[in-house]
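Residue numbers (my numbering): 859 to 1308.
All C-beta atoms in this analysis are idealised placements derived from N, C-alpha and C, irrespective of residue type, glycine included.
Down below is the structure, laid out as structure tokens.
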């Protein structure tokens, strides 16, 4: 999310702390011309949502409201959203928050201003990627197992219109990940085991099922339509970072059964590749100014050694630092392994990097030796990496501009890190550095600018 906005009086002390940390860039965002007018039922101006999945019928799942000021949960602190919500998405204006409920294959949408449900849409299978690119109640989810009547393959991009209670499927074989441009007019859809990328123009899709993107020959171009174009020439593309009219396409390469990992610079208006930048591995990325941070885990021994780290793990991932202006890799760092799909840049210039299916070492509940999981913290100031002693998949990351903490959904828990020390925050509210939420925390998102 974009960080920074007007603040209320009780944040003055934290702004002073930010000044002490020398964060003048974030403070420039505090001089906006209006204050937030909303008064949500929880009474909190600084809210974070955590998805709460439960397995017991005596407990209730949903989206838990957390006070981002002091890490507590208010009395009116839960919004119903199925029993097993996990993946979350928020709109850029933060008026909408959505979560995928695995128990029902449904996506629940919430009005964050009123903290109330806007309903749910049942989709034809699980999703691990969805976006709500505008303040309108329209979202998009990639469903790799969606069946298309009359065709032998499966896969689709689901267009969910909550206002009209309508669902349109655009058939895209093995659709796994969807990325939107800033206005939601153009979508990039990535499919498993493919060297192509599907570019969709969702406003032109024909309800209820649109087959404009079908192709009898895999990985070959089709005649572009008003709905979609299939662009070839990639190497197992899995994700993209969009910046205006430019998309940085991540070629997963060997990690996904291809040949070479790289970042391809893609011009959205012309649908053409303008440059290719080789990297060690690439499944996720974050753009900060002109620097693109790219993470992945190479399957080749010359690129996945844990050089410089004392660890029982035999495989490590890589973080490549790319200057997009020059199109060159300016640095690299050794991080934890796994499939990287989470990143967050926080207030003190740290990059939190998360993965799943990593090498877990030790037991955080019985720490008799090394403890290691899927989280890495990269310090941009000195290019060092810290591996926190925790276990489990990293499902969500959320930092703030005016408070030096990072929320980390890891191993089903919601941890609170003090980013000035790299340690868990310990105080009266979080005595063990963990916000006590019953069930499995599957993601975390801020729904206020702070």
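The residue among 1176, 1119, 1145, 1035 with its C-alpha nearest the C-alpha of residue 1134 is 1119. The beta-carbon distance between residue 1057 and residue 1087, rounded to whole angstroms, is 5 Å. This is short enough to meet the 8 Å contact definition.
The residues 1212, 1252, 1255, in chain order, have a CB closer than 6 Å to that of residue 1200 in the same chain once the five nearest residues on each side in sequence are set aside. The continuous beta strand (DSSP E) containing residue 1257 extends over residues 1252-1257. DSSP places residue 1086 within a strand segment (E or B) once states are collapsed to three.
Inside the region 932-982, DSSP marks whole beta strand (DSSP E) runs of 3 or more residues at positions 943-948, 954-959, 964-969, 974-980, from first to last along the chain.
DSSP places residue 1109 inside the beta strand (DSSP E), whose first and last residues are 1104-1109.
Shortest Cα-Cα distance from residue 1082 to any of 1100, 1067, 1059, 1102 involves 1059. In this structure the region 1000-1007 does not lie against the region 954-962, because fewer than three pairs of beta carbons, one per stretch, are closer than 8 Å. Sixteen is the threshold: when 16 or more other Cβ atoms of the shown chains lie within 10 Å of the Cβ of residue 1260, as they do, the residue is buried.
For residue 1244, the uninterrupted beta strand (DSSP E) segment begins and ends at 1242-1244. Cβ contact annotation for residue 1054 (same chain, cutoff 7 Å, sequence separation greater than five): 1077, 1088, 1089, 1090, 1092, in chain order.
For residue 1261, no pairing in a beta bridge is given by DSSP.
The residues 1053, 1093, 1094, 1109, 1110, in chain order, have a CB closer than 8 Å to that of residue 1116 in the same chain once the five nearest residues on each side in sequence are set aside. In terms of CA proximity to residue 1045, 991 leads the group 1069, 991, 1010. Looking from the CA of residue 1178, the closest CA among 1192, 1172, 1067, 1184 belongs to 1192. For residue 1009, the number of other beta carbons within 10 angstroms of its own is below 16, and it is reported as exposed. Per DSSP, reduced to three states, the secondary structure at residue 1034 is strand. Within a 10 Å sphere around the beta-carbon of residue 980 sit fewer than 16 other beta-carbons, which makes this residue exposed.
Buried is the label assigned to residue 978, since at least 16 other Cβ atoms lie within 10 Å of its Cβ.
Taking C-beta atoms as the reference points, residue 1308 and residue 1244 fail to come closer than 7 Å. If you check the CB distance, residue 1020 and residue 945 do not come in under 7 Å. The shortest C-alpha to C-alpha distance from residue 1139 to any of 1158, 1129, 1124 is the one to 1158.
Sorting 1104, 1153, 1028 by C-alpha distance to the C-alpha of residue 1130 places 1104 at the top.
Between residue 1216 and residue 1194, the C-beta gap is smaller than 7 Å, which places the two residues in contact.
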